[in-house]
Structure formats: structure tokens, C-alpha cells
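Inspection log for the structure reproduced underneath, given as C-alpha cells.
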Amino acid sequence: MTENKVNLMDLSPKEMTEFFVSLGEKPFRSQQLLRWIYQFGVTDFAEMTNLRKDLRVKLQEKARIAAPEIVSEQRSADGTIKWALDIGDGQLVESVFIPEESRNTLCISTQVGCPVKCAFCRTGQGGFNRNLTLSEIIGQVFRAETIVGFSNNEEYKPISNVVMMGMGEPLLNLKNVVAATEILLSDYAFALSKRRVTISTSGVAPIIEKIAGKVDVALALSLHAPNDELRNKLVPINQKYPIDEVLTAVRHYIDASNANCGRVTIEYVLLDGINDGLEQAAELASLLRELPCKINLIPFNPHEDSPYRRPSGNRVEKFYRTLLDQGFTVMKRSTRGDDISAACGQLAGQVKNRMHEQEIASTRR
Ligand code: SAH
Ligand code: SF4
87 MTENKVNLMD LSPKEMTEFF VSLGEKPFRS QQLLRWIYQF GVTDFAEMTN LRKDLRVKLQ
147 EKARIAAPEI VSEQRSADGT IKWALDIGDG QLVESVFIPE ESRNTLCIST QVGCPVKCAF
207 CRTGQGGFNR NLTLSEIIGQ VFRAETIVGF SNNEEYKPIS NVVMMGMGEP LLNLKNVVAA
267 TEILLSDYAF ALSKRRVTIS TSGVAPIIEK IAGKVDVALA LSLHAPNDEL RNKLVPINQK
327 YPIDEVLTAV RHYIDASNAN CGRVTIEYVL LDGINDGLEQ AAELASLLRE LPCKINLIPF
387 NPHEDSPYRR PSGNRVEKFY RTLLDQGFTV MKRSTRGDDI SAACGQLAGQ VKNRMHEQEI
447 ASTRR
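Residues in the sequence shown are numbered consecutively from 87, following my numbering.
Structural data, given as C-alpha cells:
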């Protein structure tokens with residue numbers, strides 16, 4: 087009968103409150119539940135000792151708490167861990183845990199595959215099936231915490247940062263992505279700082295405009311090209327929302343945001359001989375001249391069937407220097423977990439394909 091029971095992990099904090107009110111309970115019950123689930127990792131109502139016995143029984147009848155199960159785990163020599171989670175129907179999504187000295191980052195997926203189909207991305211090349219539900223998104227953080235956080239595992243510290251840079255385009259799954267950020271930020275749940283939760287987008291301009299001033303987490307824009315002609319090929323959604331329109335929307339978003347400290351992160355994958363020349367670095371510098379930003383250079387991570395190559399260290403360095411000399415804040419992202427195909431753009435999961443072109447089309451007002 088689990089199908090008829092509400093999965094509490096599918097409810098945003100507000101919906102959780104409404105659920106308890108509908109049971110004739112006080113709103114603060116929802117705070118207690120959020121704590122049990124997301125701070126203590128408890129999913130059995132019987133263990134929730136600060137709830138009345140009759141409420142626990144009622145919850146058992148009407149509700150359940152379920153996250154997708156981890157079905158495989160791969161550990162990289164550098165400490166990175168990749169998990170695959172079973173979301174039913176033979177499909178898998180992946181998340182990646184990246185431990186560092188000063189922070190522990192979890193990279194989560196928001197869709198099964200991705201409809202944007204960027205030319206260089208393994209996820210995009212694998213096709214698209216559907217949006218993840220809220221419990222499937224927040225369940226990735228819950229499962230990872232079960233292994234590295236809740237259990238007080240001495241080897242790891244809890245997750246401090248969450249980036250939506252796994253499989254999928256977060257802004258094409260807006261409702262569930264926003265609810266997930268609310269749980270990540272809630273003091274009763276993961277209580278992360280808004281600066282430590284990042285939505286990375288290929289540039290869905292009208293959605294960025296729509297959430298400006300309403301959603302406040304860090305924003306990263308996957309730019310990858312200094313002009314529309316090249317970006318149209320690498321990031322096909324650019325044909326709908328060209329660079330100008332996207333940068334205007336990004337500007338509105340960061341102007342209304344505290345989480346970004348006034349600056350957006352620009353991601354730029356370096357593809358050998360395609361977008362990594364010195365002329366392109368100069369063009370990028372003039373494009374971004376007026377935009378408060380920091381630039382994150384990501385040398386391409388190779389994967390099967392890709393015609394692209396990673397540039398030499400020397401080429402990367404020259405591109406980097408050119409931007410630095412023009413006064414930009416620039417970082418080179420180190421490759422983590424590539425021995426287990428866990429680096430940026432290497433996630434494939436297991437996607438049953440479906441044509442879903444209208445997913446992108448429908449975002450146009
Ligand atoms: N869909 C969102 C978030 C997921 S992709 C987006 O595109 O922003 C996360 C980042 O990895 C993006 O900047 C993406 O362009 C980059 N990426 C994709 N494939 C890559 C590859 N093969 N090598 C390096 N980075 C890649
Ligand atoms: Fe989708 Fe991002 Fe990959 Fe592009 S880079 S196909 S938007 S996951």
C-alpha cells in the first residue's frame with residue numbers, strides 16, 4: 087500500500103507544514119519531522135520519540151519516508167566517491183562526493199539524462215527521459231549523508247557544499263529544484279549556507295529572470311564560448327536564448343541575490359582547438375568586461391565517443407594567463423575522480439530515452 091502513502095521526502099518544507107495541519111496537528115510538527123529525516127537520518131516513525139504515540143501510528147498509516155537506494159559505489163584514488171541510485175524502471179542517476187581540505191562537496195543530478203544535449207557532454211549525448219522528483223533529488227543528499235555524515239564516519243566530515251552539476255539541467259526541473267534548495271537551506275534540515283548551494287545552468291534565460299529575487303543560492307552559468315556562432319553549436323539551447331539575453335538575466339539574478347556576493351561563476355570547458363585559442367580568450371574578456379564574475383576553466387574530461395580532446399597544459403595556462411592579465415578572477419578546476427568517470431561531464435547513469443523536445447520549448451513565455 088506504499089503507493090497511497092505520502093512520501094514525506096516529496097514535500098517542500100511548506101508542503102510538510104500543510105500536511106501536518108491537514109492532520110489536525112500544529113505546524114511545528116513539520117520542523118520535528120525535517121530534523122528527524124535530514125539531521126538524524128531517521129526514517130522509521132517508531133523511533134521519533136518526541137512525537138505522541140497516536141501521531142506516530144497515524145503517520146505510519148498515512149505516510150512514508152523513502153529515498154532511492156544506492157546500487158553501486160565507486161571510490162577514486164583521490165577520495166572522490168561516485169554513487170549510482172536506482173530510481174526504478176531500470177534507470178540510474180549518479181551523484182559524486184568530492185572531499186577537500188576546506189569543504190566536502192556533493193554534486194547531484196536533477197534529471198534522468200538531459201534534453202539540452204551539449205555537444206561535449208556525456209550526459210547530454212545519452213538522451214533524456216524525465217525530471218527527477220523531489221525525493222529523488224534530495225534523496226541523493228540524504229543517502230550520501232548516511233554514508234559520510236550522519237554515521238559520524240571518522241574518515242569523512244559531513245557535506246558542506248551541494249552543487250547541481252550532475253546529470254541534467256536544473257532550471258528545466260524548476261519546482262523540484264527550488265524545493266530541494268529549500269530543504270538544503272532550512273535550519274531544520276541540512277542548514278547549509280546559501281553561498282554553499284550552487285545551481286549550474288546552461289542558460290535558460292526566462293527561468294533565470296523568473297527566479298531572480300525569489301531564489302537565492304549561488305549561480306553558475308555554463309558559457310563555454312565567447313560568441314553566439316560557436317555557442318549555438320556547443321550549447322544548443324543558445325539558439326533559443328542567445329548570450330545577450332542570458333547575460334542580462336544573470337545580471338538581474340545576481341543583483342537581487344545575497345548568496346553570490348555580487349558575482350556569478352562563469353564555467354568554461356576548454357576544448358582543444360575549438361574554444362581555447364588566445365583570440366577566444368580575448369573575446370571572452372571583452373564579453374565579460376562589464377559582468378561581475380569569476381571564471382572557472384574546466385579542461386575537457388574525455389569520454390567514449392567524443393570527438394573532443396583536452397588541451398595541453400600549456401594551452402590551458404596561456405588561456406588562463408590571458409584572462410588573469412585582463413584583471414579577471416580565474417580558477418582552473420582540478421579534475422577529480424576521472425579514474426571512476428566521476429569528473430564533470432562524465433556522468434551517464436542509465437537512461438531510457440524518450441523524445442522530450444517540448445521540455446525546452448515550453449520554457450518560452
Ligand atoms: N546542466 C548544467 C549542470 C550540469 S553540467 C550545466 O550545464 O551547467 C556541469 C558542468 O560540467 C557544466 O559546466 C558542463 O558544461 C560541464 N561539462 C559537461 N561535460 C563536460 C566534460 N566532458 N568535461 C568537462 N566539463 C564538462
Ligand atoms: Fe545538459 Fe549540462 Fe550536459 Fe549541457 S552540459 S547536456 S546542460 S548536463
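Glycine included, each C-beta is placed from N, C-alpha and C at the ideal position.
In the DSSP output, what is residue i paired with across the bridge?
i                 : result
serine 158        : Ala170
phenylalanine 206 : According to DSSP, phenylalanine 206 bridges with nothing at all.
phenylalanine 214 : Gly199
lysine 380        : Thr351, Thr415
isoleucine 285    : Met250, Leu305
glutamine 436     : Leu178
cysteine 193      : Val182, Val249
arginine 407      : According to DSSP, which records beta bridges pairwise, arginine 407 is partnered with nothing at all.
valine 128        : Valine 128 pairs with nothing; no bridge assigned.
valine 143        : None; valine 143 has no bridge partner.
alanine 149       : Val92
Residue i lies in the alpha helix (DSSP H); which residues open and close that run?
i                 : result
glycine 199       : Glycine 199 -> not in any alpha helix (DSSP H); beta strand (DSSP E) instead, spanning 197-199.
phenylalanine 105 : 99-108
serine 372        : 364-374
histidine 389     : From DSSP, histidine 389 is part of no alpha helix (DSSP H); its letter is neither H nor E.
asparagine 318    : 314-320
leucine 94        : From DSSP, leucine 94 is part of no alpha helix (DSSP H); its letter is neither H nor E.
leucine 119       : 114-120
glutamate 264     : Looking at the sequence shown, residue 264 is not glutamate but valine. Run containing valine 264: 260-271, per the alpha helix (DSSP H) assignment.
arginine 339      : Strictly speaking, residue 339 in this sequence is tyrosine, with arginine absent from that position. Taken as a continuous stretch (DSSP letters only), the alpha helix (DSSP H) holding tyrosine 339 covers 329-341.
threonine 219     : Unbroken run through threonine 219: none, as it is neither H nor E.
lysine 296        : 291-297
Tell me which same chain residues have a C-beta within less than 8 Å of the C-beta of residue i, skipping the five on either side of it?
i             : result
arginine 189  : Ser246, Asn247, Arg282
tyrosine 394  : Ala205, Phe206, Leu357, Asp358, Ile360, Phe386, Pro388
arginine 451  : For arginine 451, the predicted structure reports a pLDDT of 35, less than 50, and the residue's modelled location is therefore unreliable. A value from the coordinates is still provided. Within the same chain, arginine 451 has close Cβ partners Pro292.
threonine 267 : Val283, Ile285, Val301, Val303
valine 92     : Phe105, Lys148, Ala149, Arg150
Return the chain-ordered list of same chain residues with a C-beta closer than 6 Å to the C-beta of residue i, the five sequence neighbours on each side being excluded.
i                 : result
phenylalanine 106 : Arg115, Ser116
leucine 373       : Pro312
histidine 442     : Residue confidence for histidine 442 is low, a pLDDT of 43 falling below 50, so the modelled location carries little weight; the figure read from the coordinates is stated next. So the list reads Pro201, Phe214, once near-sequence residues are dropped.
valine 437        : Val198, Gly199, Gly212, Gly213, Asn215
proline 397       : Leu356, Asp358, Asp362
isoleucine 167    : Arg161, Phe183
leucine 309       : Ile352, Tyr354
lysine 296        : none
For the beta strand (DSSP E) that residue i lies in, which residues bound it at each end?
i            : result
serine 181   : 178-185
tyrosine 354 : 350-356
alanine 304  : 304-308
Less than 7 Å between C-beta atoms, sequence neighbours within five positions excluded: which residues of the same chain meet that for residue i?
i             : result
aspartate 96  : Thr219, Leu220, Ser221
aspartate 302 : Lys280, Ser343, Asn344, Ala345
alanine 429   : Asn387, Thr421, Arg422, Gly423
aspartate 314 : Asn324, Pro328, Ile329
Any 3 or more C-beta pairs closer than 8 Å across the region 398-408 and the region 168-177 = Touching, no.
Can we say the region 225-236 touches the region 177-193, given the rule of at least three CB pairs closer than 8 Å?
-> The region 225-236 vs the region 177-193: in contact.
Mind listing which residues have their beta carbon within less than 5 Å of any non-hydrogen atom of the ligand SF4? Chain order is fine.
-> In chain order, the qualifying residues are Cys200, Val202, Cys204, Cys207, Thr209, Gly210, Glu255, Ser288.
Contact between the region 219-228 and the region 149-159 (3+ Cβ pairs under 8 Å) = Segments in contact, yes.
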